[in-house]
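Right, one structure below, let's go through it.
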Amino acid sequence: MHEMDDFDRNILNIIQSDYPIASRPYAVVGEQVGLTEEEVLERINRLRDSGVIRRIGANFGSRQLGWRSTLCAAKVPEDQLDAFVAEVNRHEGVTHNYLRENEFNVWFTYIGPNWEDVESTLAEITERTGIKVLNLPADKMFKIKVDFNITAR
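Position one of the sequence shown corresponds to residue 701 (the working numbering), numbered consecutively onward.
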(Lines of atoms letter the chains of each structure in order from A and count residues from 1; the text may use other names and numbers.)
(Lines give C-alpha, C1' and ligand atoms only; values in the text may rest on other atoms or scores of the structure.)
Protein backbone atom coordinates (compact mmCIF):
# COMPACT_ATOMS: atom_id res chain seq x y z
CA MET A 1 0.00 0.00 0.00
CA HIS A 2 1.08 3.53 -0.73
CA GLU A 3 2.32 5.50 2.29
CA MET A 4 0.39 8.77 2.46
CA ASP A 5 1.10 11.92 4.39
CA ASP A 6 -1.31 14.62 5.59
CA PHE A 7 -1.06 16.50 2.27
CA ASP A 8 -2.15 13.39 0.36
CA ARG A 9 -5.03 12.78 2.75
CA ASN A 10 -6.22 16.39 2.54
CA ILE A 11 -6.06 16.32 -1.26
CA LEU A 12 -8.13 13.11 -1.34
CA ASN A 13 -10.71 14.58 1.04
CA ILE A 14 -11.15 17.56 -1.29
CA ILE A 15 -11.25 15.84 -4.66
CA GLN A 16 -13.57 12.98 -3.73
CA SER A 17 -16.65 15.21 -3.44
CA ASP A 18 -15.65 18.87 -3.69
CA TYR A 19 -13.56 18.78 -6.86
CA PRO A 20 -13.14 22.41 -7.89
CA ILE A 21 -14.88 23.44 -11.08
CA ALA A 22 -12.21 25.85 -12.25
CA SER A 23 -9.86 26.29 -15.18
CA ARG A 24 -6.98 25.20 -12.91
CA PRO A 25 -8.53 22.91 -10.29
CA TYR A 26 -5.22 21.69 -8.91
CA ALA A 27 -4.14 25.27 -8.21
CA VAL A 28 -7.36 25.70 -6.21
CA VAL A 29 -6.67 22.45 -4.31
CA GLY A 30 -3.10 23.60 -3.74
CA GLU A 31 -4.31 26.85 -2.19
CA GLN A 32 -6.57 24.87 0.14
CA VAL A 33 -3.85 22.49 1.36
CA GLY A 34 -0.79 24.75 1.21
CA LEU A 35 0.97 23.34 -1.86
CA THR A 36 1.69 24.57 -5.38
CA GLU A 37 -0.35 23.40 -8.35
CA GLU A 38 2.63 21.35 -9.55
CA GLU A 39 3.01 19.64 -6.17
CA VAL A 40 -0.68 18.71 -6.13
CA LEU A 41 -0.43 17.31 -9.67
CA GLU A 42 2.64 15.27 -8.70
CA ARG A 43 0.85 13.83 -5.70
CA ILE A 44 -2.32 13.03 -7.63
CA ASN A 45 -0.30 11.29 -10.34
CA ARG A 46 1.58 9.27 -7.71
CA LEU A 47 -1.69 8.31 -5.98
CA ARG A 48 -3.19 7.29 -9.32
CA ASP A 49 -0.11 5.31 -10.35
CA SER A 50 -0.13 3.44 -7.03
CA GLY A 51 -3.84 2.57 -7.37
CA VAL A 52 -5.12 4.71 -4.48
CA ILE A 53 -7.01 6.84 -7.02
CA ARG A 54 -8.82 4.66 -9.56
CA ARG A 55 -10.34 7.43 -11.64
CA ILE A 56 -11.20 11.09 -11.61
CA GLY A 57 -14.43 12.01 -13.32
CA ALA A 58 -18.05 12.99 -13.05
CA ASN A 59 -20.62 10.82 -11.30
CA PHE A 60 -24.08 11.12 -12.86
CA GLY A 61 -27.48 10.21 -11.42
CA SER A 62 -28.70 7.57 -13.87
CA ARG A 63 -32.32 7.90 -12.71
CA GLN A 64 -32.24 11.66 -13.25
CA LEU A 65 -31.05 10.97 -16.80
CA GLY A 66 -34.00 8.62 -17.32
CA TRP A 67 -31.92 5.43 -17.28
CA ARG A 68 -32.94 2.24 -15.45
CA SER A 69 -30.85 0.03 -13.21
CA THR A 70 -31.23 -3.35 -11.61
CA LEU A 71 -29.46 -5.74 -9.31
CA CYS A 72 -28.87 -9.17 -10.84
CA ALA A 73 -27.98 -12.56 -9.43
CA ALA A 74 -27.12 -15.90 -10.99
CA LYS A 75 -26.36 -19.46 -9.92
CA VAL A 76 -23.18 -20.19 -11.85
CA PRO A 77 -21.45 -23.59 -11.72
CA GLU A 78 -17.78 -23.21 -10.82
CA ASP A 79 -16.61 -24.63 -14.15
CA GLN A 80 -18.59 -21.90 -15.99
CA LEU A 81 -17.60 -18.93 -13.81
CA ASP A 82 -14.91 -17.48 -16.07
CA ALA A 83 -17.09 -17.63 -19.20
CA PHE A 84 -20.14 -16.22 -17.40
CA VAL A 85 -18.20 -13.35 -15.82
CA ALA A 86 -16.54 -12.52 -19.14
CA GLU A 87 -19.96 -12.37 -20.84
CA VAL A 88 -21.42 -10.15 -18.10
CA ASN A 89 -18.41 -7.84 -18.06
CA ARG A 90 -18.46 -7.27 -21.82
CA HIS A 91 -21.64 -5.18 -21.44
CA GLU A 92 -20.98 -1.47 -20.91
CA GLY A 93 -23.90 -1.04 -18.52
CA VAL A 94 -22.40 -3.38 -15.89
CA THR A 95 -21.17 -1.22 -13.02
CA HIS A 96 -20.31 -3.84 -10.39
CA ASN A 97 -19.78 -7.60 -10.51
CA TYR A 98 -19.17 -9.72 -7.40
CA LEU A 99 -18.52 -13.36 -6.60
CA ARG A 100 -20.27 -14.44 -3.39
CA GLU A 101 -20.32 -17.60 -1.28
CA ASN A 102 -24.00 -18.35 -1.78
CA GLU A 103 -26.34 -20.42 -3.94
CA PHE A 104 -26.58 -17.26 -6.06
CA ASN A 105 -22.84 -16.82 -6.35
CA VAL A 106 -22.56 -14.05 -8.96
CA TRP A 107 -24.17 -10.66 -8.34
CA PHE A 108 -23.92 -7.64 -10.62
CA THR A 109 -25.61 -4.34 -11.32
CA TYR A 110 -26.69 -3.22 -14.76
CA ILE A 111 -27.76 0.22 -15.98
CA GLY A 112 -29.42 0.77 -19.36
CA PRO A 113 -31.15 3.65 -21.14
CA ASN A 114 -34.58 2.00 -20.66
CA TRP A 115 -36.25 -1.20 -19.36
CA GLU A 116 -36.26 -2.75 -22.82
CA ASP A 117 -32.47 -2.47 -22.97
CA VAL A 118 -32.09 -3.90 -19.46
CA GLU A 119 -34.37 -6.84 -20.17
CA SER A 120 -32.87 -7.62 -23.58
CA THR A 121 -29.32 -7.46 -22.24
CA LEU A 122 -30.13 -9.84 -19.38
CA ALA A 123 -31.89 -12.18 -21.85
CA GLU A 124 -28.81 -12.04 -24.10
CA ILE A 125 -26.54 -13.00 -21.19
CA THR A 126 -28.84 -15.94 -20.42
CA GLU A 127 -28.96 -16.98 -24.08
CA ARG A 128 -25.18 -16.79 -24.54
CA THR A 129 -24.32 -18.60 -21.28
CA GLY A 130 -27.31 -20.86 -20.66
CA ILE A 131 -27.53 -19.44 -17.13
CA LYS A 132 -30.70 -17.66 -15.98
CA VAL A 133 -30.15 -14.18 -14.60
CA LEU A 134 -32.41 -13.10 -11.75
CA ASN A 135 -33.56 -9.51 -12.30
CA LEU A 136 -34.10 -7.63 -9.00
CA PRO A 137 -35.04 -4.00 -9.76
CA ALA A 138 -35.36 -1.70 -6.78
CA ASP A 139 -38.83 -0.67 -5.64
CA LYS A 140 -37.45 2.35 -3.83
CA MET A 141 -33.97 3.87 -3.85
CA PHE A 142 -32.24 4.74 -0.58
CA LYS A 143 -29.16 6.37 -2.06
CA ILE A 144 -26.51 7.59 0.33
CA LYS A 145 -23.46 9.66 -0.34
CA VAL A 146 -20.27 8.09 0.89
CA ASP A 147 -17.19 10.14 1.62
CA PHE A 148 -14.16 8.59 3.21
CA ASN A 149 -12.64 10.87 5.82
CA ILE A 150 -9.07 10.09 4.87
CA THR A 151 -7.63 12.24 7.68
CA ALA A 152 -9.49 10.27 10.38
CA ARG A 153 -6.87 7.48 10.41
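The beta carbon of each residue, even a glycine, is placed where N, CA and C say it ideally should be.
Check: Beta-ladder partner(s) of residue 769, from DSSP; Outcome: 811
Check: Contained alpha helix (DSSP H) runs [length at least 4] in the region 721 to 792, N- to C-terminal order; Outcome: 725 to 733, 737 to 749, 781 to 789
Check: Cβ separation of residue 851 and residue 818, assumed to be a contact under 8 Å, to the nearest whole Å; Outcome: The pair is not a contact, with the Cβ atoms about 40 Å apart (cut-off 8 Å).
Check: As assigned by DSSP and simplified to three states, the class of residue 794; Outcome: strand
Check: Own chain, CB closer than 6 Å to residue 829, minus 5 neighbours either side, in chain order; Outcome: 784, 787
Check: Which of helix, strand or coil DSSP assigns to residue 713; Outcome: helix
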